[in-house]
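In what follows, a single structure is set out as structure tokens and then discussed.
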Amino acid sequence: KHFSLTHFFARTVQNHGGKILLFSTIAALFSLSGASRLLVENSFINYFKSSTEIYKGMEVIDNKLGGTTPLDLIVNFKEKEVQMPKESLDDFEQEFSEDTNEAQYWFTNSKMQKIEQIHDYLNSLPQIGNVQSLATILKIGRSLNKGRDLDNFQLALLYNKIPQKYKDILLSPYLNIPDNEVRFTTRIIDSNPDLRRDELIQKINQDIGKIISEDEGSYRLSNLMILYNNMLQSLFDSQIKTLGFVLFSLFVMFLIIFRSLKIASIAIISNAIPISIIFGIMGWFAIPLDLMTITIAAISLGIGVDDTIHYIHRYLEEIKKDGDFLAAMHRSHNSIGYAMYYTTFAIILGFSVLVFSNFIPTIYFGLLTVLAMFMALLFALLLLPRLFIIFKINA
Numbered sequence: 002k003h004f005s006l007t008h009f010f011a012r013t014v015q016n017h018g019g020k021i022l023l024f025s026t027i028a029a030l031f032s033l034s035g036a037s038r039l040l041v042e043n044s045f046i047n048y049f050k051s052s053t054e055i056y057k058g059m060e061v062i063d064n065k066l067g068g069t070t071p072l073d074l075i076v077n078f079k080e081k082e083v084q085m086p087k088e089s090l091d092d093f094e095q096e097f098s099e100d101t102n103e104a105q106y107w108f109t110n111s112k113m114q115k116i117e118q119i120h121d122y123l124n125s126l127p128q129i130g131n132v133q134s135l136a137t138i139l140k141i142g143r144s145l146n147k148g149r150d151l152d153n154f155q156l157a158l159l160y161n162k163i164p165q166k167y168k169d170i171l172l173s174p175y176l177n178i179p180d181n182e183v184r185f186t187t188r189i190i191d192s193n194p195d196l197r198r199d200e201l202i203q204k205i206n207q208d209i210g211k212i213i214s215e216d217e218g219s220y221r222l223s224n225l226m227i228l229y230n231n232m233l234q235s236l237f238d239s240q241i242k243t244l245g246f247v248l249f250s251l252f253v254m255f256l257i258i259f260r261s262l263k264i265a266s267i268a269i270i271s272n273a274i275p276i277s278i279i280f281g282i283m284g285w286f287a288i289p290l291d292l293m294t295i296t297i298a299a300i301s302l303g304i305g306v307d308d309t310i311h312y313i314h315r316y317l318e319e320i321k322k323d324g325d326f327l328a329a330m331h332r333s334h335n336s337i338g339y340a341m342y343y344t345t346f347a348i349i350l351g352f353s354v355l356v357f358s359n360f361i362p363t364i365y366f367g368l369l370t371v372l373a374m375f376m377a378l379l380f381a382l383l384l385l386p387r388l389f390i391i392f393k394i395n396a
């Protein structure tokens with residue numbers, strides 16, 4: 002006799018029911034433990050194979066030009082009323098007092114120390130490459146001033162008397178005296194293997210909070226890094242919420258179609274475990290959720306549910322003939338089982354083409370979808386009929 006996968010599955014359901022339940026339980030536990038390790042993290046450079054020109058170009062930008070993804074830190078100092086004693090000005094200062102008074106009393110030693118402290122902190126993070134801020138000017142000024150810090154009057158004079166075209170380049174991007182704000186511009190090293198965007202943002206927020214107290218001012222992070230991280234986090238949240246809603250909706254649909262709480266419960270279990278296995282694999286193998294892989298659950302559930310409905314309908318038709326659960330299972334496998342087998346493998350063949358892409362998320366998407374479709378078929382032809390036999394499901 003020639004080998005038939007559906008016959009093999011049918012014999013397995015009949016002779017190895019305990020092993021099927023044990024395998025399903027282990028798979029569920031594996032999925033839960035792996036899903037808890039899921040990462041919502043993506044690196045632009047890791048979207049491409051190392052042999053591609055895009056990867057090589059981004060690697061040069063990361064390693065030699067200071068990073069790829071921009072991240073800004075805006076610090077807003079609280080205003081402090083300061084009365085300027087006119088008698089303290091010497092003749093030279095009086096000459097420039099009208100222009101420099103506001104700037105002179107903004108450039109205090111404590112502010113400059115805080116700005117340099119924040120700059121040095123950001124520069125110390127291995128995930129951050131280039132850092133630019135007012136502290137860059139302070140460090141250059143110190144080196145030009147023979148190692149001595151520029152005082153507040155010198156900084157105010159520099160701020161007010163520097164030509165506008167140079168101010169727009171050197172000072173205006175990092176300093177806004179009327180609004181009491183300073184800006185730190187950084188670029189993230191996207192190729193850093195330890196980069197975890199959400200963790201990095203949380204760490205920066207916590208550490209800057211220790212440097213700038215609430216009495217001294219406030220701060221916020223912005224730019225593309227924040228937008229991209231927020232998008233990834235919202236994808237994860239929406240995935241969990243949507244998946245839960247979809248499973249509940251499918252349960253209600255099974256309940257309406259088959260009018261049986263037992264059948265609806267068995268059907269939803271048989272569909273939920275294959276999807277959870279994919280998330281478990283992604284968690285254990287550190288495959289991150291992204292715009293591509295996050296759609297696998299929806300696609301697999303849609304196709305898997307179709308197989309489940311067809312099999313249940315055929316099984317209920319077969320059980321009417323003689324009431325023999327095992328015979329009904331064998332006849333179902335030998336009829337609708339073949340259709341499920343061929344359609345699933347046709348889909349697997351189609352998605353496997355994505356493996357040859359140069360775009361890494363597409364490769365993951367193809368591989369995981371292929372695996373999800375195979376697992377959906379496996380549980381539809383093994384766990385589903387085994388549970389029907391155990392709970393003696395009939396028409």
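The sequence shown maps to residues 2 to 396 in the numbering used here.
Built from N, CA and C at the ideal position, the CB exists for glycine as well.
Quick check: the stretch 62 to 81 against the stretch 213 to 225, are at least 3 beta-carbon pairs closer than 8 Å? yes
Looking at the structure shown, is Pro71 part of a helix, part of a strand, or coil, going by DSSP? Residue 71 sits at position 70 when you count from the first residue of the sequence shown. In this structure, Pro71 counts as strand in the three-state DSSP scheme.
Measuring straight from C-alpha to C-alpha, what distance separates Leu151 and Met113? Position 150 of the sequence shown, counted from the start, is the residue given in the question as residue 151. Position 112 of the sequence shown, counted from the start, is the residue given in the question as residue 113. Computed Cα separation, rounded: 10 Å.
Buried/exposed call for Leu292, threshold 16 Cβ in 10 Å: The count along the sequence shown starts at 1 and reaches residue 292 at position 291. With fewer than 16 Cβ atoms within 10 Å of its Cβ, Leu292 is classed as exposed.
Quick one: using the 10 Å Cβ neighbour count with 16 as the cut-off for buried, is Ile257 buried or exposed? Within the sequence shown, the letter at position 256 stands for residue 257. Ile257 comes out exposed.
For Ile313 and Lys321, the rounded distance between their alpha carbons: Position 320 of the sequence shown holds residue 321. Position 312 of the sequence shown holds residue 313. Distance between the alpha carbons of Lys321 and Ile313: 13 Å.
Beta-carbon within less than 7 Å of Ile55's beta-carbon, same chain only, minus the 5 sequence neighbours each way: which residues are those? Your numbering for residue 55 matches position 54 in the sequence shown. If we look at Ile55 and ignore the five residues flanking it on each side, its Cβ neighbours are Phe49.
What do you reckon, are the CB atoms on Phe249 and Ile295 nearer than 9 Å? For the purposes of this step, residue 249 is identified with residue 248 of the sequence shown, where counting begins at 1. For the purposes of this step, residue 295 is identified with residue 294 of the sequence shown, where counting begins at 1. No, the pair does not count as a contact, with Cβ atoms beyond the cut-off.
Should Leu66 go down as buried or exposed, given a rule of 16 or more other Cβ atoms within 10 Å for buried? The residue labelled residue 66 in the question sits at position 65 within the sequence shown. So Leu66 counts as exposed.
Hey, Ile189 and Gly68: beta-carbon distance below 9 Å or not? In the sequence shown, residue 189 corresponds to position 188, counting from 1. In the sequence shown, residue 68 corresponds to position 67, counting from 1. Result yes, Cβ atoms of Ile189 and Gly68 sit closer than 9 Å.
Uninterrupted alpha helix (DSSP H) stretches inside the stretch 136 to 213 (no shorter than 4 residues): 153 to 162, 165 to 171 and 198 to 212
Can you list the alpha helix (DSSP H) stretches of 4 or more residues lying completely in the stretch 212 to 287, in chain order? 225 to 259 and 262 to 285
Leaving out five residues before and five after Phe31 in sequence, what residues of the same chain have Cβ atoms less than 6 Å from its Cβ? Your numbering for residue 31 matches position 30 in the sequence shown. Taken in chain order, the residues that qualify are Gly281.
Burial state of Lys20 (16 or more Cβ within 10 Å): Along the sequence shown, read from residue 1 onward, the residue named residue 20 stands at position 19. Looking at its Cβ environment, which holds fewer than 16 other Cβ atoms inside 10 Å, Lys20 is exposed.
Residue from His8, Asn395 and Ile213 with nearest C-alpha to Lys115: Reading the sequence shown from its first residue, position 114 is the one you call residue 115. Here the closest residue by C-alpha is Ile213.
Could you pull out every residue in the same chain whose Cβ sits closer than 6 Å to the Cβ of Ser5, ignoring the five residues on either side in sequence? Here residue 5 is taken as the residue at index 4 of the sequence shown, counted from 1. So no residue of the chain qualifies.
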